[in-house]
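A quick write-up on the structure given underneath.
Protein chains: 4
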Amino acid sequence: MAIRVTVWGENVHEQTSKVVAGIYPEGMHQAIAGALNRAGGVTATTATLQEPEHGLTEARLAQTDVLIWWGHAAHGEVSDAVVDRVCHAVWSGMGAIFLHSAHFSKPFKRLMGSPCNLTWREAGERERIWLTSRNHPIAAGLPDHFELEHEEMYGEPFGVPEPLETVFISWFQGGEVFRSGLTWRRGAGNVFYFRPGHETYPTYHDPNVQRVILNAVTWAHNPAARLQDPGAAPNVPVDKAPEPITERGPRLHGDGDGGFR
Amino acid sequence: MAIRVTVWGENVHEQTSKVVAGIYPEGMHQAIAGALNRAGGVTATTATLQEPEHGLTEARLAQTDVLIWWGHAAHGEVSDAVVDRVCHAVWSGMGAIFLHSAHFSKPFKRLMGSPCNLTWREAGERERIWLTSRNHPIAAGLPDHFELEHEEMYGEPFGVPEPLETVFISWFQGGEVFRSGLTWRRGAGNVFYFRPGHETYPTYHDPNVQRVILNAVTWAHNPAARLQDPGAAPNVPVDKAPEPITERGPRLHGDGDGGFR
Amino acid sequence: MAIRVTVWGENVHEQTSKVVAGIYPEGMHQAIAGALNRAGGVTATTATLQEPEHGLTEARLAQTDVLIWWGHAAHGEVSDAVVDRVCHAVWSGMGAIFLHSAHFSKPFKRLMGSPCNLTWREAGERERIWLTSRNHPIAAGLPDHFELEHEEMYGEPFGVPEPLETVFISWFQGGEVFRSGLTWRRGAGNVFYFRPGHETYPTYHDPNVQRVILNAVTWAHNPAARLQDPGAAPNVPVDKAPEPITERGPRLHGDGDGGFR
Amino acid sequence: MAIRVTVWGENVHEQTSKVVAGIYPEGMHQAIAGALNRAGGVTATTATLQEPEHGLTEARLAQTDVLIWWGHAAHGEVSDAVVDRVCHAVWSGMGAIFLHSAHFSKPFKRLMGSPCNLTWREAGERERIWLTSRNHPIAAGLPDHFELEHEEMYGEPFGVPEPLETVFISWFQGGEVFRSGLTWRRGAGNVFYFRPGHETYPTYHDPNVQRVILNAVTWAHNPAARLQDPGAAPNVPVDKAPEPITERGPRLHGDGDGGFR
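Residue numbers (the numbering used here), protein chains in the order written: chain X, 26 to 286; chain R, 26 to 286; chain V, 26 to 286; chain A, 26 to 286.
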């Protein structure tokens, strides 16, 4: 069964910048979704900031195996209720891929628990992306390195928690480096960050970039049933303890009480 | 120079439960701080929920090398502004130790980016804490295992991100296990979670528990100067690039613009 | 296409102990392989210590997607040449699953680079295996915990490198705990250790244990083409550098020299 | 008390290459040890391949808190007995720092359990080392990046296990990147790899490089008492189990037997 992907796009600069509109006439989200659909094995649809609830209703997330997120100018306009919903879905098992400037998006920062900051320069310089883990599933079918002739620079230190694995590191013409592909797990959900994708360059038309995103979708997809309540903290009554025990000493909670939160 | 520790206590059950007040007549925070001060090398003071700004002003956090947090009944009463401030301090380099029911405290959940849930049972059962990493600094001077005759049970799965290292695992009489000592880094700050410490038992009077907390303070202390702006994302102008480059292609940002957030 | 599994069994106690022979009349390796074959999606065959080259020729390893290893009494009889070959295959992309007493097998110790020691007791006590990561692929379809009524105890500290992820932790009736399911990557190969399986108990007939092994096979399988030379350290000639550079300063190596090893 | 460091140098090219002898007239090991001694807080001595037992007797290792290793041309001449001894000391708690071409040294490969390979080019190009973890103890006092005008290139993928933390990443003029500072723990010993230091360039005279090595010594030093038998796998007799149990079922081992290895 095809993996169901929702590509979320902020869809701001596509409307306000002729440069961006020229590169992505249907929007960046459509370019990303289109490449996934052409690859096969994936059914990709899109959602944008401007839709009601940013297109990310409970129902929509329940039908999404992997969510891809691109945002930049309008991070602050994303409603906190939707951010909560997205994080809840990740913890329940939805995969999440954050692209480029989504390092500063609300859901990414929430999932990381850290500042997610970096240095940057918009000079159209050359980026060369190196595999650090050649046989990682996200690197499947890729050469040991590939180039993007024009990209924005992102530089270290990148303020994220130590990842499960570092998959890619970027070299920049201006002299910086950046950990461009990193994996984490949050609850039952797999999370991948992939650096390239400044909106004034045709990065998402690049076949290697498209391949990384497709691989990441496959990697992030958790086929297990979605957890209904990923934050549940159930009490185990004394008489249901795996080993027989007798209650001893004082306690705070009455029988059947929930815990404090 | 002594490490400056602030022990934050919710200080609710000490006021409302005779059992808790009997075990910790000065409050749990005072018991923890007292043990640290007697150990030497540390200057521990306390702060509580009931103080203005919960006792955690900017000035106080700036003077705190390591913050210890115990909360349970009143997680929801902790103001979001103080939570922001605490996380900011951790990212800047302040160490943070979260004890027992603080797994559900707002700052811990914020720093983890995950549900932090578990199973639990309040039956006064025996807990045996095993070292998984015998020569880890947080295990210094401890036996391979030690017991707490009466404790609340916490059971796996524990909904936290994979740690840098697992230092302790608990065995419970009723049949469960739990990763009781875990380390992470968030920004420039070291974070440690330590499980024991239900308020109806004399856990913080236990010498082994006190030793763990003292060790964890030493481990969590980052002697580097506190970062002033841990979320800074500075632009590197083209003429300041480490390697000489020439700007190419279109760009979104004007000279001197800040980035989007 | 079915995943090709080779189950390697030491096959000593099956020949020398009536107890073991009674439980595993065809050998432990056959019991494990049989369960995998019945599950489907896997083609499992066996190899044993007593075969020429222990049944693990270059050709055999080249046809093995995932190797499962059980050994105990005869670790020292495994030839170093075969150990080299197995490690080379793992680095090239073959998955490897080490069961129970294989914690002290030569290939596991070689791949870990650490002592791999633990404490132990052979008393037929109850083991309860807890999931620490409920939606990990290796935990698919399993309950939050399951029991083995009779097992050998293994206790912490377990002398292995910090894993990528801790998937299972065991509780023992006698009071110990153990990290029973751990993952690593070594070169292009995925490595999993799973604790249960003392030969005097019917552990490999247990459906939950069989499920873990099947899941681990799927997880460990790396579909990428096997690396031909996983230790290659190629020189990149100056005129093939990704960016044009001019050689400067003194050098040790002549044109076309290999590096030192 | 000062940390006792032994700097092990292969001491081959210093004797055979005028270029190397010109840069390091007393040998690279003496240059490294001298810088440490001038910094204070450390007592550094040296040992070389040419000494009996390569200068690394049991007694010498027992007096060594942190061992620094530089080798290149003569990896194969290091005796396996000494390699065993070094690994045993690391597992017991000795810190170990491997420099540059020591990525292919026998003890490093043994401790990693992986090929430790990379790509390389000897062209005297510029290397720029970036901090990925600005407040890590090994980065203390260093700028966000520093340069070595002439270095050998090492390129990804670097065939090592995923580290505990990535501390440095290098940018190379010719277009490659490399994870230049990585940490692991093996048994009770802390292990750090640091990339720079090709023998035909004056890298170990660079103040930033010296600072990294000094920081790494402090980080790697484990003040705990050295484990006497880091591979011990003690039997826990039934009557010494933490919880009272009764032996059940068949067993292989007689009372007081050691385990199999």
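Every residue gets a Cβ at the ideal spot worked out from N, C-alpha and C, and that includes glycine. All values derive from a computational prediction rather than experimental measurement.
Chain A contact residues for residue i, given Cβ-Cβ distances below 8 Å
i: X:Leu155; result: Rather than Leu, the amino acid found at residue 155 of chain X in this sequence is Trp. Result: Gly180, Glu181, Pro182, Glu201, Val202.
Where residue i meets chain V, residues with beta-carbon distance less than 9 Å
i: A:Arg29; result: Those within 9 Å of A:Arg29 in chain V number zero; the least Cβ separation is about 23 Å.
Neighbouring residues, chain V, relative to residue i (Cβ below 8 Å)
i: X:Pro188; result: Here the premise fails: no neighbours, minimum Cβ distance about 10 Å.
i: R:Leu159; result: The sequence given here has Arg at residue 159 of chain R, not Leu. Correct list: Pro182.
Contacting residues, own chain, Cβ-Cβ under 7 Å from residue i (five flanking each side not counted)
i: V:Ala127; result: Trp94, Trp95, Gly96, Phe133
i: X:Ala69; result: Val30, Val32, Ala58, Leu61, Asn62
i: X:Gln55; result: Thr71
i: V:Met53; result: Gly34, Glu39, Trp95, Glu224, Tyr229
i: R:Gly166; result: Arg236
i: X:Lys131; result: His100, Val103, Val108
i: V:Gly66; result: Ala27, Ile28
Cutoff 8 Å; reference residue i; Cβ partners in own chain excluding five residues on either side
i: R:Leu136; result: Cys112, Val115, Ala121, Trp209, Arg211, Val216
i: R:Pro186; result: Met137, Gly138, Ser139, Trp209
i: A:Glu83; result: Arg110
i: R:Asp282; result: Asn260
Cross-chain neighbours of residue i in chain R, by beta carbon under 9 Å
i: X:Ser126; result: Gly284, Phe285
i: A:Ala213; result: Ser158, Arg159, Asn160, His161
Contact check, residue i vs residue j, beta carbons under 7 Å
i: V:Val37; j: V:Ile57; result: no
i: X:Val44; j: X:Thr228; result: no
i: A:Val202; j: X:Trp155; result: yes
i: V:Gly200; j: A:Ala266; result: yes
i: A:Ile270; j: V:Gln198; result: yes
i: A:Gly214; j: A:Gly118; result: yes
i: R:Thr157; j: V:Glu181; result: yes
i: V:Glu272; j: V:Val261; result: no
Neighbourhood of residue i by C-beta, 6 Å cutoff - its chain only, sequence neighbours within 5 removed
i: R:His161; result: Val192
i: X:His230; result: none
i: V:Arg204; result: Phe183, Thr191, Ile194
i: A:Tyr49; result: Glu39, Ala56
i: X:His246; result: Ile28, Asp90, Val91, Gly120
i: V:Arg85; result: none
Contacts that residue i makes with chain V (C-beta to C-beta distance below 7 Å)
i: A:Asn142; result: Gly256, Ala257, Ala258
i: R:Asn194; result: The amino acid at residue 194 of chain R is misidentified as Asn; the sequence shows Ile. Within 7 Å Cβ-Cβ: Glu181, Ile194, Val202.
i: R:Thr191; result: Thr191
Contact set between residue i and chain R, taken where Cβ atoms lie within less than 8 Å
i: X:Phe129; result: Ala258, Gly284, Phe285, Arg286
i: A:His170; result: Pro267
Rounded distance between the beta-carbons of residue j and residue i, thought under 8 Å
i: A:Ile28; j: A:Val91; result: 6 Å
i: V:Leu124; j: A:Ser42; result: Between A:Ser42 and V:Leu124 the Cβ distance is about 51 Å, and since that is not below 8 Å, they are no contact.
i: R:Arg286; j: X:Phe219; result: At roughly 20 Å, the Cβ-Cβ gap does not stay under 8 Å, so R:Arg286 and X:Phe219 are not in contact.
i: V:Leu207; j: A:Ala258; result: Contact flag wrong, Cβ pair sits at about 17 Å.
i: V:Ala64; j: V:Leu239; result: 5 Å
i: X:Leu189; j: V:Leu189; result: 6 Å
i: V:Trp196; j: R:Trp196; result: 6 Å
Any non-hydrogen atom of the ligand MN closer than 6 Å to residue i Cβ
i: V:Asn142; result: As for the ligand MN, it is missing from this structure, which has no ligand bound.
Chain-ordered neighbours of residue i on chain R, where CB pairs are closer than 7 Å
i: A:Ala165; result: Ala249
Under 7 Å from the C-beta of residue i: neighbouring residues of chain X
i: V:Gly118; result: Asn160
Chain-ordered chain X contacts of residue i [CB-CB under 8 Å]
i: R:Met137; result: Gly138
Check whether the segment 155-175 of chain X touches the segment 167-181 of chain R, counting contact only when three or more Cβ pairs, one atom from each stretch, lie closer than 8 Å. No, they do not touch.
With contact counted as at least three CB pairs below 8 Å, one residue from each stretch, are the segment 143-157 of chain A and the segment 248-256 of chain A in contact? In short, these stretches do not touch, since the Cβ pair count stays below three.
How about the segment 74-88 of chain V and the segment 102-110 of chain V: do they share at least three Cβ pairs that are nearer than 8 Å? Proximity of the segment 74-88 of chain V to the segment 102-110 of chain V meets the contact definition, three or more beta-carbon pairs being nearer than 8 Å.
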